[in-house]
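Have a look at the structure below, then the notes.
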Amino acid sequence: MRLIDTHTHLDFDDFDADRQAVLTHCQQLGVERVVVLGVYQRNLQRVWDLALSEPQVYAALGLHPIYLDEHLPEHLQDLRDRLAAVAGHPKLAAVGEIGLDYYVESLDRERQQTVFDSQLQMAADFNLPALLHVRRSHADTIATLKRFKLKRGGIVHAFAGSREEAKAYIKLGFKLGLGGAATWPQALRMHRVIAELPLDSVVLETDSPDMAPAMYPGQRNSPEHLPDICTALSDLMNISAERLAHASTLNAKEVFGWQ
63 MRLIDTHTHL
73 DFDDFDADRQ
83 AVLTHCQQLG
93 VERVVVLGVY
103 QRNLQRVWDL
113 ALSEPQVYAA
123 LGLHPIYLDE
133 HLPEHLQDLR
143 DRLAAVAGHP
153 KLAAVGEIGL
163 DYYVESLDRE
173 RQQTVFDSQL
183 QMAADFNLPA
193 LLHVRRSHAD
203 TIATLKRFKL
213 KRGGIVHAFA
223 GSREEAKAYI
233 KLGFKLGLGG
243 AATWPQALRM
253 HRVIAELPLD
263 SVVLETDSPD
273 MAPAMYPGQR
283 NSPEHLPDIC
293 TALSDLMNIS
303 AERLAHASTL
313 NAKEVFGWQ
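Take this note's numbering: the last position of the sequence shown gets the number 321, and nothing is skipped along the way.
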């Protein structure tokens with residue numbers, strides 16, 4: 063199988079001891095490309111440097127809503143400046159990880175929206191896809207995306223919404239990211255939704271080092287787990303793992319504009 067991990071945090075210190083070994087093993091397993099996402103201003107350079115130093119790594123730059131209290135107005139300007147400086151570079155994959163998180167009640171929703179809007183505008187201005195974090199905020203996220211109408215769409219990371227929400231995102235040009243959480247046996251509603259998703263709407267991800275799949279409970283998640291995630295999800299979709307791998311890889315290449 064040839065696979066693309068569309069959502070990782072391989073720059074996190076969880077991988078400092080064996081990052082190169084993980085990437086080498088990924089190549090052996092058929093995980094040919096991995097996208098690493100920024101989450102706050104202090105890791106944007108690290109993400110970019112990792113993408114430049116590793117042939118199979120690509121960078122997305124963005125400010126994650128979970129770290130809202132850390133983001134300063136000048137960080138948004140710094141992000142715009144970084145995107146402008148590397149616009150068109152083949153290692154720049156997207157703007158992300160950005161979005162709205164209503165699960166954490168202490169995060170100011172109005173300020174989240176302001177930061178989200180600013181970054182979606184950057185995705186529009188630099189003609190990049192957006193990689194979205196959406197927790198308990200589908201209605202507001204969909205309404206926001208309808209305002210911006212991004213030409214290149216993007217990916218809804220760790221999609222766990224309803225059939226109707228899936229249809230809304232797909233109509234807006236977004237793919238749905240499926241990973242470890244979708245393999246958990248307790249995720250019964252998600253299993254029902256996944257079984258009905260159009261194959262051309264799905265991309266695969268790990269969210270490493272978080273959200274380990276059911277077959278690796280309590281362990282550090284890794285892009286190395288993507289083949290097993292693919293196999294588990296293909297069973298839910300009642301198709302072969304090879305077919306899901308092929309479709310998700312084509313879909314990811316479409317999102318990122320890769321040949």
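All C-beta atoms in this analysis are idealised placements derived from N, C-alpha and C, irrespective of residue type, glycine included. Predicted model only: the values in this text are computed from it and were never measured.
query	result
Segment contact flag, the segment 190-203 with the segment 113-127, C-beta cutoff 8 Å, min 3 pairs	yes
Inter-residue Cα distance where the pair is H151 and S199	32 Å
Close-in-space but distant-in-sequence residues of the same chain around T68 (CB under 7 Å, 5 per side omitted)	V97, I217, G239, V265, L266, E267 and A314
Within-8 Å CB hit, H137 to chain B	Included in the structure is just one protein chain, with no chain B present.
Straight-line gap, P285 to M273 (C-alpha atoms, nearest Å)	11 Å
Residues sharing a beta bridge with K237, DSSP	I217
Simplified DSSP assignment, three categories, for H151	coil
Coil, strand or helix - Y120 by DSSP	strand
CA-to-CA distance, L72 to D78, given in whole angstroms	9 Å
Element boundaries [beta strand (DSSP E), containing D269]	Unbroken run through D269: none, as it is neither H nor E.
Whole-angstrom C-beta distance between F188 and T206, which should lie under 8 Å	That pair is no contact at about 18 Å.
Residue from I291, P260, S263 and A257 with nearest C-alpha to S270	I291
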